[in-house]
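Worksheet: the structure to be examined is printed underneath.
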Amino acid sequence: DQQPATNLPVEGPPRQGRRRAFRFKPNHDIALLKEAVSLQPWAAGHGKTVKRRFDTLVETARRDDLESLRASGTVEEYEERKQLLTDVRMLLDDFLA
1 DQQPATNLPV EGPPRQGRRR AFRFKPNHDI ALLKEAVSLQ PWAAGHGKTV
51 KRRFDTLVET ARRDDLESLR ASGTVEEYEE RKQLLTDVRM LLDDFLA
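Each step along the sequence shown adds one to the number in UniProt numbering, with nothing skipped, and position 45 is 45.
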């Protein structure tokens with residue numbers, strides 16, 4: 001195996017197809033929000049996919065549009081997510097104040 005003379009990266013074997021996009025479900029939202037309460041990621045500048053979802057959840061909560069998140073999941077998951085979003089909003093508001 002010879003390396004090319006340029007500094008260009010060497011490509012590996014072609015992919016076997018496109019990977020499916022990850023779809024967040026209520027249990028993922030709950031885990032994400034628990035981590036957010038613990039780690040307060042709004043103070044960091046990395047983690048694009050999780051940050052986008054976190055921002056979407058916070059914006060949904062700010063608009064008082066939590067019913068739109070109710071499409072799937074159990075009543076318990078909905079209630080836990082709702083409480084965690086309330087906690088996150090309070091922490092985030094305190095951080096930004």
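Beta carbons: idealized from backbone N, C-alpha and C, even for Gly.
No experiment lies behind these values; they were computed from the predicted model shown.
From what residue to what residue does the alpha helix (DSSP H) around residue i run?
i	result
Thr56	48-62
Taking only the alpha-carbon atoms, compute the straight-line gap between residue i and residue j and give it to the nearest angstrom.
i	j	result
Thr49	Arg18	18 Å
Arg70	Val37	21 Å
Assuming residue i contacts residue j under a Cβ cut-off of 8 Å, what Cβ separation, rounded to an integer in Å, is found between them?
i	j	result
Leu84	Leu33	4 Å
Asp29	Leu57	6 Å
Ser68	Thr60	6 Å
Leu91	Gln40	6 Å
What would DSSP say about residue i, mapped onto helix, strand or coil?
i	result
Thr86	helix
Lys25	coil
Asp65	coil
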